[in-house]
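S.K.: I am attaching a structure below and will ask some questions about it afterwards.
Residue numbers (this note's numbering): 105 to 510.
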């Protein structure tokens with residue numbers, strides 16, 4: 105079947121994957137070769153010369169993920185931050201980034217602590233307010249970056265609305281910098297902002313940002329796409345041929361590529377993505393309702409609850425509300441710490457999106473790189489905990505939380 109034919113679940117199982125022509129093996133083989141024999145100098149089969157540049161197992165995964173996001177080009181990386189790094193390498197000193205205020209701490213750290221030294225400027229903005237997005241854009245803005253739902257406050261951002269603002273602003277932006285053919289695809293300066301949506305929390309099962317106007321979709325495949333807490337990887341998907349060429353050039357030059365076995369594991373995982381996400385959503389909805397009625401919980405943040413400020417947008421933009429919940433425990437740090445120490449089925453650990461349920465403290469763990477005053481402004485206070493609801497039995501998950509809160 106063609107990679108973009110069939111429903112989402114069918115593409116999860118089949119897209120990008122074909123029986124091995126030598127043996128008929130139904131699973132894509134793990135190609136562990138680092139190099140490939142050439143028929144003549146510079147003449148090699150199907151573009152395979154060295155596995156940093158291209159690997160058959162990785163190709164199958166990239167085609168699979170591109171299909172799931174409705175894109176033409178997929179690129180897989182050794183981590184989600186490796187994928188983000190590749191995007192940031194498209195920019196030049198003096199370029200400006202507009203970043204949503206609530207993002208994974210590692211994303212903020214990469215821009216604020218690493219690329220700031222390369223001359224990039226960054227403005228963080230509450231993207232639930234489209235006028236704030238508009239006012240943040242500058243003539244040198246070349247990247248608009250958002251997460252939706254966001255980490256950890258689960259803000260749902262209007263992808264189509266941000267796209268309209270970026271397009272309007274791009275019409276008044278003059279190109280800057282000279283072309284330098286010696287730099288390859290990166291030698292041509294960007295003439296408009298790249299609009300990137302981090303789709304990690306939703307996964308392709310619940311949301312497809314390319315269809316809503318994103319130029320690039322990013323995933324930390326470590327999370328829902330991998331789904332089993334046994335690999336670290338990232339991905340980019342785009343429909344822009346020119347941008348895809350730039351990204352591939354930067355990836356090959358920097359080398360942040362995943363190993364063939366990790367690609368094999370992800371291909372195993374995407375085959376069940378649609379059924380796993382259905383269970384994640386069902387369980388999270390039940391846990392969110394339980395927590396919203398518990399006397400020791402001040403606030404529950406979950407896009408599927410009517411109390412969520414962007415609940416209506418989430419219903420319009422997503423096909424499900426996901427497996428992530430944030431909530432505030434009454435009593436601050438001491439009370440939240442006791443809950444984290446008392447859980448037995450939920451595991452106290454960083455990361456998310458695996459089949460097992462995890463629980464963590466953003467201010468101490470995943471978002472410690474965010475300045476304290478910025479965390480407080482976002483609502484990441486000492487009583488906030490974040491839950492990644494797995495696919496266990498609902499009654500067991502609720503019972504574990506009830507005991508920990510008791």
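Beta carbons are placed, not taken as given, at the ideal position from N, Cα and C, and that holds for glycine.
Could you check how far apart the C-beta atoms of residue 197 and residue 289 are, in whole angstroms? I think they sit under 8 Å.
M.R.: Sequence index remark: in the chain shown, residue 197 carries index 93 (1-based). Sequence index remark: in the chain shown, residue 289 carries index 185 (1-based). At roughly 18 Å, the Cβ-Cβ gap does not stay under 8 Å, so residue 197 and residue 289 are not in contact.
S.K.: Specify, as a first and last residue, the run of the alpha helix (DSSP H) that residue 116 falls within.
M.R.: Position 12 of the chain shown, counting from 1, holds the residue named residue 116. It spans 112-118 - the alpha helix (DSSP H) in which residue 116 sits, taken as one unbroken run.
S.K.: For residue 338, write down the residues that DSSP places opposite it in a beta bridge.
M.R.: One-based indexing of the chain shown puts residue 338 at position 234. Paired residues: 181, 324.
S.K.: Might you give, ordered along the chain, the residues of its own chain that have their beta carbon closer than 7 Å to the beta carbon of residue 137, omitting 5 neighbours on each side?
M.R.: As a first step, residue 137 is located in the chain shown; it is residue number 33 there, counting from the start. Closer than 7 Å at Cβ, skipping near neighbours: 155.
S.K.: Verify whether the separation of the beta carbon atoms of residue 228 and residue 200 is less than 8 Å.
M.R.: Within the chain shown, the letter at position 124 stands for residue 228. Within the chain shown, the letter at position 96 stands for residue 200. Not in contact: residue 228 and residue 200 (Cβ atoms no closer than 8 Å).
S.K.: Counting pairs of beta carbons, one from the region 143-162 and one from the region 376-386, are three or more of them closer than 8 Å?
M.R.: The region 143-162 is not in contact with the region 376-386.
S.K.: Measure how close the beta-carbons of residue 409 and residue 450 come, nearest whole angstrom, since I'm counting them as under 8 Å.
M.R.: For the purposes of this step, residue 409 is taken as residue 305 along the chain shown, with counting starting at 1. For the purposes of this step, residue 450 is taken as residue 346 along the chain shown, with counting starting at 1. No, residue 409 and residue 450 are not in contact; Cβ-Cβ is about 20 Å, not under 8 Å.
S.K.: Give every residue of the same chain whose Cβ lies closer than 7 Å to the Cβ of residue 117, excluding the five residues on either side of it in the sequence, and list them in chain order.
M.R.: Position 13 of the chain shown, counted from the start, is the residue given in the question as residue 117. Around residue 117: 375.
S.K.: Taking just the CA atoms, how far does residue 134 sit from residue 365?
M.R.: Within the chain shown, the letter at position 261 stands for residue 365. Within the chain shown, the letter at position 30 stands for residue 134. Each residue's alpha carbon lies about 6 Å from the other.
S.K.: Enumerate in chain order the residues of its own chain whose CB-to-CB distance from residue 246 is below 7 Å, with the five nearest sequence positions on each side excluded.
M.R.: Along the chain shown, read from residue 1 onward, the residue named residue 246 stands at position 142. Within the same chain, residue 246 has close Cβ partners 195, 199, 200, 294, 297, 298.
S.K.: Mind reading off the beta-carbon distance from residue 304 to residue 455? Whole number of angstroms is fine, and I expect it under 8 Å.
M.R.: Residue 304 sits at position 200 when you count from the first residue of the chain shown. Residue 455 sits at position 351 when you count from the first residue of the chain shown. The pair is not a contact, with the Cβ atoms about 11 Å apart (cut-off 8 Å).
S.K.: Can you give the beta carbon distance from residue 191 to residue 417, rounded, assuming they're within the 8 Å contact cut?
M.R.: Here residue 191 corresponds to residue number 87 of the chain shown, with the count starting at 1. Here residue 417 corresponds to residue number 313 of the chain shown, with the count starting at 1. Not really, about 25 Å apart at Cβ, beyond 8 Å.
S.K.: Looking only at DSSP bridge pairs, what is residue 490 linked to?
M.R.: Reading the chain shown from its first residue, position 386 is the one you call residue 490. In DSSP, residue 490 forms a bridge with 430, 464.
S.K.: Would you kindly check if the distance between the Cβ of residue 468 and the Cβ of residue 431 is under 8 Å?
M.R.: Numbered from its first residue, the chain shown carries residue 431 at position 327. Numbered from its first residue, the chain shown carries residue 468 at position 364. Cβ atoms of residue 431 and residue 468: not closer than 8 Å.
S.K.: Are there 16 or more other CB atoms within 10 angstroms of the CB of residue 109, so buried, or fewer, so exposed?
M.R.: Working through the chain shown from its first residue, we reach residue 109 at position 5. Exposed, because fewer than 16 other Cβ atoms sit within 10 Å of the Cβ of residue 109.
S.K.: Do residue 377 and residue 334 come within 8 Å of each other at the CB atom, strictly closer than that value?
M.R.: Residue numbering aside, residue 334 sits at position 230 when the chain shown is read from its first letter. Residue numbering aside, residue 377 sits at position 273 when the chain shown is read from its first letter. No; because the gap between Cβ atoms is not below 8 Å, this pair is not in contact.
S.K.: Could you check what DSSP says for residue 386 in three-state terms: helix, strand or coil?
M.R.: Within the chain shown, residue 386 is the residue found at index 282, counting from 1. Residue state, collapsed to three classes: helix.
S.K.: I need the straight-line Cα distance from residue 425 to residue 396, nearest angstrom please.
M.R.: Numbered from 1 along the chain shown, position 321 holds the residue referred to as residue 425. Numbered from 1 along the chain shown, position 292 holds the residue referred to as residue 396. If I take the Cα positions, the gap works out to 16 Å.
S.K.: Please classify residue 185: is it buried, with 16 or more other beta-carbons within 10 angstroms of its beta-carbon, or exposed?
M.R.: Counted from its first residue, the chain shown places residue 185 at position 81. Residue 185 comes out buried.
S.K.: Once DSSP output is grouped into helix, strand and coil, what is the label at residue 251?
M.R.: Numbered from 1 along the chain shown, position 147 holds the residue referred to as residue 251. Residue state, collapsed to three classes: strand.
S.K.: By the 10 Å Cβ neighbour count, where 16 or more other Cβ atoms means buried, how is residue 205 classified, buried or exposed?
M.R.: Counted from its first residue, the chain shown places residue 205 at position 101. Classification for residue 205: buried.
S.K.: What is the rounded straight-line gap between the Cα of residue 342 and the Cα of residue 312?
M.R.: Here residue 342 corresponds to residue number 238 of the chain shown, with the count starting at 1. Here residue 312 corresponds to residue number 208 of the chain shown, with the count starting at 1. C-alpha separation (whole angstroms): 11 Å.
S.K.: Whose CA, out of 404, 207, 140, 182, lies closest to the CA of residue 478?
M.R.: Locating residue 478 in the chain shown gives position 374, where the first residue counts as 1. Nearest C-alpha to residue 478: 207.
S.K.: What does the alpha-carbon distance come out to for the pair residue 321 and residue 178?
M.R.: The count along the chain shown starts at 1 and reaches residue 321 at position 217. The count along the chain shown starts at 1 and reaches residue 178 at position 74. Cα to Cα, residue 321 sits roughly 10 Å from residue 178.
S.K.: State the DSSP-derived secondary structure class of residue 206, mapped to helix, strand or coil.
M.R.: In the chain shown, the residue the question calls residue 206 occupies position 102. Correct three-state label for residue 206: coil.
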